[in-house]
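First the structure, in the form of structure tokens, and then the observations on it.
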Amino acid sequence: MKTYAIPCSFSYTLLVRPRMSPVLRRAVSLLRTLHIYLTMLALLPLAFIALTGLMLNHESWFGRNRQPIVHKQTGQFPSQSLKAPDKLAVVERLRSHFDAEGAVDSFESDENEVRVVFARPGRRTDAFIDRQTGQAEVTHEYSGVASVLTDLHKGKTAGRTWRWLIDAIAILLLVAAVTGVALWLTLPRRRWLGLAALAAGVATWLTVYFLLVP
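Going by this note's numbering, the first residue of the sequence shown is number 1050, and it counts up by one from there.
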């Protein structure tokens, strides 16, 4: 009686890895390419978010709780320019003559003084201008590199463009996560192990939130 040996690779394909249709094979190839390049594109933002998240969770380790460096300036505004304060003119003079940096966080004016606050990651500038005398007092506060990084993590006082970038990074990471799960599901021998790991991760997060978070 003759016996025929079945090649190992053929038997694996036949028993474990069912043949994919050309359309499915192309879709998996596209998913794999998309996942690889999205992951590489998101590598630096992901590392940045991880590092600054750790800094936010342990502020004392990175000197985040230290007192800011304070620098004060005084100067003079033309009193005529303050009779009916022009926001743009006042802001530009503060930038050019008093080293104010960042976006205008607030601009307030009453019969006695004009108050302007500039803010950017890790830095704040408060300006008080007497409308009668034109005397200006400007206070600069710098909170250090750690504060700059954590403010960028939160998108705080970083401007609209940076917030859009954070949104783009979030979408990028979400797509990378979804494509990663989809690729894992195409691996028959590891599919259930991956789903079990995913379920364990979800269960851990929910358990910590509902049972251990005050």
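Positions of the beta carbon are idealized from the N, C-alpha and C atoms, including for glycine.
Since the structure is predicted, the reported quantities are computational estimates derived from the model, not experimental observations.
Query raised in the report: Closest by CA to residue 1121, which one among 1219, 1237, 1187?
Result: 1187
Query - C-alpha gap between residue 1209 and residue 1095, whole angstroms - result: 20 angstroms
Query raised in the report: If we call anything under 9 angstroms between Cβ atoms a contact, is residue 1006 one with residue 1137?
Result: A question about residue 1006 goes unanswered here, because the residues of the chain that appear run from 1050 up to 1263.
Query raised in the report: With a CB to CB cut of under 8 angstroms and the five nearest residues on each side skipped, what residues in its chain are close to residue 1221?
Result: 1087, 1090, 1091, 1094
Query - For residue 1121, three-class secondary structure by DSSP - result: strand
Query raised in the report: Got a sec? Which residues, its chain only, sit under 8 angstroms from residue 1161 by beta carbon, not counting five neighbours each side?
Result: 1179, 1180, 1181
Query - Nonlocal neighbours in the same chain, by C-beta distance under 7 angstroms from residue 1150, ignoring five residues either side - result: 1167, 1169, 1172, 1174
Query raised in the report: Roughly how many angstroms separate the alpha carbons of residue 1202 and residue 1192, rounded to a whole number?
Result: 15 angstroms
Requested in this report: Have a look at the DSSP bridge pairing and note the partners of residue 1220.
Outcome: According to DSSP, which records beta bridges pairwise, residue 1220 is partnered with nothing at all.
Report task. Say yes only if the C-beta of residue 1256 is nearer than 8 angstroms to one or more non-hydrogen atoms of the ligand NAD, and no if none qualify. Result -> Among the components modelled here there is no ligand, and therefore nothing to report on the ligand NAD.
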